[in-house]
Amino acid sequence: MDKHHIASGNALDTPARAIRPGHFCALLCAALLLQPGLSAAAPAGPISADALHRHISVLASDEFEGRWPGSRGEELTLDYLQQAFEAAGALPGNGDSFLQPVPLVSWTMDVEPSITVRGGDFEAELVYREDMVAVTRRLVDEVTVTGSPLVFAGYGVVAPEYGWNDYEGLDARGKTVVVLVNDPGFESGDPELFTGRAMTYYGRWTYKYEEAARQGAEAVLVVHETEPASYGWAVVSRGDSEHFGLETPDGNRSRAAVEGWLSAEAAARLFAAAGEDFAALKAAALKPDFQAQPLGELRADMRVRNTISRTDSNNVVALVPGASHPDEYIIFTAHWDHLGRTGDEIFNGAVDNASGTAGLLLLAEAYAKLDPPPERSLLFVPVTAEEQGLLGSAYYAANPVVPLERTVAVINVDVLNFIGPTRDITVVGYGASELDAFVDAAAAAHDRTVRPDQRPAAGVYYRSDHFSFAKQGVPALYPNMGRDLADGGTERGAELAQSYYGERYHDVADEYSPDMDWRGGAEDLKLYFDIGLRIANSREWPNWNEGNEFRAVRDAQRAGQ
Ligand SMILES: [Zn+2]
1481 MDKHHIASGN
1491 ALDTPARAIR
1501 PGHFCALLCA
1511 ALLLQPGLSA
1521 AAPAGPISAD
1531 ALHRHISVLA
1541 SDEFEGRWPG
1551 SRGEELTLDY
1561 LQQAFEAAGA
1571 LPGNGDSFLQ
1581 PVPLVSWTMD
1591 VEPSITVRGG
1601 DFEAELVYRE
1611 DMVAVTRRLV
1621 DEVTVTGSPL
1631 VFAGYGVVAP
1641 EYGWNDYEGL
1651 DARGKTVVVL
1661 VNDPGFESGD
1671 PELFTGRAMT
1681 YYGRWTYKYE
1691 EAARQGAEAV
1701 LVVHETEPAS
1711 YGWAVVSRGD
1721 SEHFGLETPD
1731 GNRSRAAVEG
1741 WLSAEAAARL
1751 FAAAGEDFAA
1761 LKAAALKPDF
1771 QAQPLGELRA
1781 DMRVRNTISR
1791 TDSNNVVALV
1801 PGASHPDEYI
1811 IFTAHWDHLG
1821 RTGDEIFNGA
1831 VDNASGTAGL
1841 LLLAEAYAKL
1851 DPPPERSLLF
1861 VPVTAEEQGL
1871 LGSAYYAANP
1881 VVPLERTVAV
1891 INVDVLNFIG
1901 PTRDITVVGY
1911 GASELDAFVD
1921 AAAAAHDRTV
1931 RPDQRPAAGV
1941 YYRSDHFSFA
1951 KQGVPALYPN
1961 MGRDLADGGT
1971 ERGAELAQSY
1981 YGERYHDVAD
1991 EYSPDMDWRG
2001 GAEDLKLYFD
2011 IGLRIANSRE
2021 WPNWNEGNEF
2031 RAVRDAQRAG
2041 Q
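Quick note: the sequence shown uses this note's numbering, first residue 1481, plus one each step.
Next up, the structure:
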């Protein structure tokens, strides 16, 4: 998961509330279970703990240097993956190539960004990392904002399916919009408002930036509050001096010039200087008739300076063609990249995500050897630069190798089960789409229970590569390890998971050892294989559930198919 996940601790780690397979799907599941050849778990021959050890030990070796995009580690990784896909019987997925080049851009801060706010006899220079952080994603060495009026735009959300528009009546051009993190449902706790405590994409800071840009805002500042953000100010203010992104043909000029965060204390000071009460305006923002309002006479000057550099990285794309509907695709993603090295210290990323990458190799081999072959095509896409903000998958989704409207579903593998075989399986994104029926049927065949995301309020769904596809409309799932150990139960399972997320996650200690237990990883992969196969052998086009924030995009995309 991307690095803001650090702050959420182990987001998946509260006691399991298992749901019986089949509980939610009634007739559709029954129909699937009755289909010939689908009643039992399909054989997934090459998938084994030994095979996982073999691939992970190479991908997470010191020689691969922590798989940093653009490094020697990337070259070795790409060579290894291409050879392994070929040996598995998969075909190049991008014309005659296994690679999709992904041009990455990076911004390195030259001097600390500055923001000064003035109005009447008030003047304050905000302190970098204490009061604010700010970057630009435009491809210029320097951006300046001068005398931009501050406007409070509530949650900064435009959500037609919830009848919500915080920008209604506001001409945001030239303005600095100040917005709240998360969405109104979270703050109110009202299950009828958005999705209640569960976060929608409208709650993510990335969305706030995107919407502000669409509205033509000059700058956008998100007010940090620990509870709705699900991580503390320390995570935001740590901000690396270098950040990566993608380049659009307009040099990212469609983004707001400055994107950043305000600490809750700094925001309260600014609201007070404008003669407003932060808590009162926040409460007003929970009402559907909320209107964006200027923060008194306050205006901001800002300056951000960078050195820009470019790096060529790559996604890998491998294909197992379908027998009868080769132009319809199920995509498996897993990020191959990790955090690289600093000096002698290597972030090997054995669990995160050499494991998932190895998983894709085994899935490809299992599908390629299947007799009879799957009806629809399977595409395996190990993506780059997930750790830098889901960049490889975002690039793919913006430049798809096969059309998104012909892509039935996406299944993401980010971290395989390293705790041993479990009776349950966690599925992040469960409850969002009709893919649940396929998950339920496969889980039942494998005698597994389905455990939905345990902390939907933390927005884990929006923090790994499947999300890049969801955002573009394609129904997507992120299955992850369960907690209910076949040998040891839930308490022991949670303990083992916690020891990883607490001590080794995104640390140099996430390294390969022959003692690792990949039996559960292999069992989970067999289940993923079965989910994918059921979708591949179906004629269904599972959609997002009614009311889901991605459904309108999918409906428009699929219209005319
Ligand atoms: Zn990670």
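Beta carbons are placed, not taken as given, at the ideal position from N, Cα and C, and that holds for glycine.
In terms of side-chain proximity, the C-beta atom of E1867 is found nearer than 7 Å to a non-hydrogen atom of ligand 1.
DSSP places T1791 in no alpha helix (DSSP H) but in the uninterrupted beta strand (DSSP E) bounded by 1773–1796.
Under DSSP, G1969 shares a beta bridge with L1965.
C-alpha of A1922 to C-alpha of T1837: approximately 22 Å in a straight line. Two segments are said to touch when three or more pairs of C-beta atoms, one from each, lie closer than 8 Å; by this definition the stretch 1912–1932 touches the stretch 2012–2031. With a minimum length of 3 residues, the unbroken runs of beta strand (DSSP E) contained wholly in the stretch 1906–1955 fall at 1929–1932. A residue is called buried once 16 or more other Cβ atoms fall within 10 Å of its Cβ, and K1655 is buried on that count. For W1713, the enclosing alpha helix (DSSP H) covers residues 1713–1717.
Cβ-Cβ separation between D1997 and A1925: approximately 24 Å, too far for a contact (criterion under 8 Å).
Here G1550 carries a coil assignment [DSSP, helix/strand/coil]. With a cutoff of 7 Å, D1832 counts as near ligand 1, since its C-beta is closer than that to a heavy atom of the ligand. The C-alpha of N1833 is placed about 45 Å away from the C-alpha of D1769.
Check the Cα spacing between E1739 and each of G1553, G1900, V1657, E1867: the tightest is with V1657. In the structure shown, F1827 adopts coil according to DSSP, grouped into three states. Contact between V1930 and I1905 holds: their C-beta atoms lie close to 6 Å from each other, under 8 Å. Taking non-hydrogen atoms of ligand 1 into account, the C-beta of H1986 is found less than 7 Å away from one of them. Residue burial is scored here from C-beta neighbours: E1690 has at least 16 other C-beta atoms within 10 angstroms and is therefore classed as buried. The three-state reading of DSSP puts H1704 in coil, since its state is none of H, G, I, E or B.
Residue range 1999–2016 is occupied by the alpha helix (DSSP H) that includes L2013.
Measuring C-alpha to C-alpha distances from I1788 to each of L1558, A1874, N1879, T1616 identifies T1616 as the nearest. Around the beta carbon of D1730, fewer than 16 other beta carbons sit within 10 angstroms, so the residue counts as exposed.
Using a 10 angstroms sphere on the CB of D1542, the tally of other CB atoms stays under 16, which defines it as exposed. By the Cβ-count criterion, D1990 is buried, with 16 or more other Cβ atoms from all chains shown falling within 10 Å of its own Cβ.
In the structure shown, Q1563 falls within a helical segment according to DSSP collapsed to helix, strand and coil. Note on geometry: alpha-carbon atoms of L2007 and R1903 lie some 12 Å from one another. Cβ neighbours of S1628 within its own chain (closer than 7 Å, five residues either side excluded): G1654, K1655, T1656, E1698, A1699, R1779, A1780. Boundaries of the beta strand (DSSP E) harbouring T1626: 1622–1632, taken from the DSSP string.
Of all C-beta pairs linking the stretch 1823–1833 to the stretch 1874–1885, fewer than three are shorter than 8 Å, placing the two stretches out of contact. A check of alpha carbon separations from D1987 across W1644, G1599, A1830, A1693 identifies A1830 as the nearest.
Burial check for Q2041: the Cβ neighbour count within 10 Å stays below 16, so the residue is exposed.
Contact annotation: the stretch 1789–1803 touches the stretch 1850–1869, with at least three C-beta pairs closer than 8 Å.
No residue range can be given for E1727, since it is assigned to no alpha helix (DSSP H) and is classified by DSSP as neither H nor E. Every unbroken stretch of the beta strand (DSSP E) spanning 3 or more residues and falling wholly within the stretch 1575–1621 is given here in chain order: 1579–1599, 1602–1606, 1612–1615. Counting only runs that start and end inside the stretch 1797–1863, the beta strand (DSSP E) elements of at least 3 residues fall at 1798–1800, 1805–1815, 1856–1863. Shown here for P1640: same chain residues with a beta carbon closer than 8 Å to its own, the five before and five after excluded, namely A2032 in chain order.
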